[in-house]
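Heads up: the sequence shown begins at 115 in this note's numbering, then just goes up one per residue. All residues carry an ideal CB built from backbone N, CA and C; glycine is no exception.
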Amino acid sequence: MQKRFVVINVFLLVLAVAALLTIGIVMLTSTGAYAQDNKGDPNYYFSRQLMWLCVGACACVAAALIDYRWMKDRWWILYAIAVVLLALCLVPHIGKKINGSRRWLGFGGMTLQPSEIAKLAVPVTLAWWYSREKMQPREFLRGYVYPLGIVLFIVALIVPEVDLGTSTLLLCTTMVLMFIAGARMPYLVLSAGMVVGALALAIYVMPQRLDRLMAFLHPGDPKYAKEVYQQAHGLIAFGSGGLSGLGLGNGREKHGYLPFSFTDFILPATAEELGLVCTLVIMLCFLIVLVSGTVIAMRASDRFGRLLGVGIVMLIALQAAMNVGVVTMVLPNKGLPLPFISYGGSSLAFCLASIGILVSIYRRGFGEKPDPEGVNFNLKLKHRKTPRI
115 MQKRFVVINV
125 FLLVLAVAAL
135 LTIGIVMLTS
145 TGAYAQDNKG
155 DPNYYFSRQL
165 MWLCVGACAC
175 VAAALIDYRW
185 MKDRWWILYA
195 IAVVLLALCL
205 VPHIGKKING
215 SRRWLGFGGM
225 TLQPSEIAKL
235 AVPVTLAWWY
245 SREKMQPREF
255 LRGYVYPLGI
265 VLFIVALIVP
275 EVDLGTSTLL
285 LCTTMVLMFI
295 AGARMPYLVL
305 SAGMVVGALA
315 LAIYVMPQRL
325 DRLMAFLHPG
335 DPKYAKEVYQ
345 QAHGLIAFGS
355 GGLSGLGLGN
365 GREKHGYLPF
375 SFTDFILPAT
385 AEELGLVCTL
395 VIMLCFLIVL
405 VSGTVIAMRA
415 SDRFGRLLGV
425 GIVMLIALQA
435 AMNVGVVTMV
445 LPNKGLPLPF
455 ISYGGSSLAF
465 CLASIGILVS
475 IYRRGFGEKP
485 DPEGVNFNLK
495 LKHRKTPRI
């Protein structure tokens, strides 16, 4: 019965991801045709996203077939690749600067965003750290300082790229994983305060990010009209679509009013053309990814798999939540795409690879002798002396 329950969750996970990919490709066809920098080809972004979809599908299948435990002893390879590529983004004439942010590396006619590799490197590294033998997650140094330092080293390379959105996402995911692994709550509360303070300092020293924050706090101030422009037209798109939408291809905001309607603000464009019903379907799909992915992760046969699975699910779910928060003006404007839907080859490929890892965790969660370390976990606070996973 339990196996059948998990099989259903795997089916729902794959179905939800397929639905999100389909909506993304359809809306990219509609919005990408009106992008200002589409090289004069209305199918420019569609064809490139389709190419990356094929790459991501291959990565997903490969990750599903390979034993995820292969990464446990080779975590440092992924971590080192992420660090080197992130550092190269900061090197003049190597890192590619787009819209004021130096987040990309150019290879011929293609671009790669190394922070996407970092999103996978962080949960892999933390899962390895907390699944080591004789690991005591409640200790101050080994359970808190060292793993946090590992993540902060990567974040320190992302912040200068002017990418506070990804930095915040990685830190939030780290806090969740540390909590689940069994780190002491006072340490995590201290970390939360430090993160808020660090972000406040980063915003203060980055004038553009400070303007975005002030625009969020004072959206009606004409002085910040430029910074709040995208979010304001995103809300107009949401309101224009109504329940059923204006019809596929009939959106008005994509005609220059919402310049990034095919990337970060593709959700408002979708709501305008396909309506509230489709928007709720998208939210339901992400909820399925969160719930089903968590169920799969918790059925892993070892502690490394459980932590890795939860980390992957949290990254996808939190990024989706942050994107929705930005486009609905609940959060200040950031640069995070909507997973599986927004245009962005690196994001799409690594999101699909992450789904493949979840499938690999499922495939090896049954029929094998569980790892005795941490298999009888308990989430109740009265058992805090043992790791939660």
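**Cβ-Cβ separation, Tyr244 to Ala295 (assumed contact under 8 Å), whole Å** = Correct: roughly 4 Å between the Cβ atoms.
**Prompt:** Going by alpha carbons, who is nearest to Leu372 out of Leu135, Ile122, Val131, Gln150?
**Reply:** Gln150
**Request:** Quick one: grab the DSSP three-state call for Lys211.
**Result:** The answer is strand: DSSP assigns Lys211 an E or B state.
**Request:** Pick out the complete alpha helix (DSSP H) segments inside the stretch 370–441, 4 residues or longer, and give them in chain order.
**Result:** 380–412, 417–441
**Prompt:** Buried or exposed: Phe352, going by 16 or more other Cβ atoms within 10 Å of its Cβ?
**Reply:** buried
**Message:** Whole angstroms are fine: how far does the CA of Ile139 sit from the CA of Val405?
**Reply:** 24 Å
**Prompt:** Starting from Leu226 and walking both ways along the alpha helix (DSSP H), at which residues does that stretch end?
**Reply:** Note, Leu226: premise wrong, no alpha helix (DSSP H); beta strand (DSSP E) at 224–226.
**Message:** In chain order, what are the residue ranges of uninterrupted beta strand (DSSP E) at least 3 long that sit wholly in the stretch 171–217?
**Reply:** You should have 209–212.
**Request:** With DSSP collapsed to three states, give me the class of Gly220.
**Result:** Gly220 falls in the strand class under three-state DSSP.
**Every unbroken alpha helix (DSSP H) within the stretch 311–348, with a cutoff of 4 residues, ordered by chain** = 321–331
**Item:** Gly365 in three-state terms, based on DSSP
**Value:** coil
**DSSP three-state assignment for Ala132, whether helix, strand or coil** = The answer is helix: DSSP assigns Ala132 an H, G or I state.
**Request:** Kindly indicate which residue of Ser229, Tyr158, Gly311, Ser461 has the alpha-carbon position closest to the one of Phe267.
**Result:** Ser229
**Asked** Whose CA, out of Trp218, Gly423, Ile180, lies closest to the CA of Pro242?
**Response** Residue identity differs from the one stated: residue 242 is Trp in this sequence, not Pro. The candidate whose alpha carbon is nearest that of Trp242 is Gly423.
**Asked** What is the rounded straight-line gap between the Cα of Arg366 and the Cα of Phe125?
**Response** Approximately 36 Å between the Cα atoms of the pair.
**Request:** Assign Trp166 to buried or exposed, taking buried as 16 or more other Cβ atoms, counted over all protein chains shown, within 10 Å of its Cβ.
**Result:** buried
**Request:** Decide if Ile208 is buried, meaning its Cβ has at least 16 other Cβ atoms within 10 Å, or exposed.
**Result:** exposed
**Request:** Note down, in chain order, each residue of its chain lying with its Cβ closer than 8 Å to the Cβ of Arg478, except the 5 sequence neighbours on either side.
**Result:** Asp181, Tyr182, Arg183, Ala414, Ser415, Gly419
**Asked** Do the stretch 373–382 and the stretch 343–350 meet, that is, are 3 or more Cβ pairs less than 8 Å apart?
**Response** yes
**Item:** Where Gly356 sits in the DSSP three-state scheme
**Value:** coil
**Asked** Quick one: what does DSSP say Val269 is sitting in, helix, strand or coil?
**Response** helix
**Item:** Endpoints, the alpha helix (DSSP H) within which Arg477 is located
**Value:** In the DSSP annotation of this structure, the continuous segment of the alpha helix (DSSP H) that includes Arg477 starts and ends at 459–477.
**Request:** For Leu390, collect the residues of the same chain with a Cβ closer than 6 Å to its Cβ; drop the 5 residues on either side in sequence, then sort them by chain order.
**Result:** Leu357
**Message:** If I measure Cβ to Cβ from Met224 and keep anything under 8 Å in the same chain, skipping five residues before and after, which residues do I get?
**Reply:** Gly459
**Asked** Going straight from the alpha carbon of Met292 to that of Val342, what length do you get?
**Response** Their Cα atoms are separated by approximately 35 Å.
**Request:** Look at the alpha carbon of Ser354 and the alpha carbon of Gly361, and state the distance between them as a whole number of angstroms.
**Result:** 11 Å
**Request:** Report buried or exposed for Lys117, applying the criterion of at least 16 other Cβ atoms within 10 angstroms of its Cβ.
**Result:** For Lys117, the number of other beta carbons within 10 angstroms of its own is below 16, and it is reported as exposed.
**Request:** Mind checking which residues open and close the alpha helix (DSSP H) that includes Ser281?
**Result:** 278–295
**Request:** Can you tell me which of the three DSSP states Leu126 falls into?
**Result:** helix
**Prompt:** Going straight from the alpha carbon of Gln278 to that of Leu204, what length do you get?
**Reply:** The identity of residue 278 in the sequence shown is Leu, whereas the question assumes Gln. Cα to Cα, Leu278 sits roughly 15 Å from Leu204.
**Asked** Cα separation between Tyr158 and Gly449?
**Response** Those two C-alpha atoms are separated by around 22 Å.
**Own chain, CB closer than 6 Å to Gly170, minus 5 neighbours either side, in chain order** = Leu462, Ala463, Leu466
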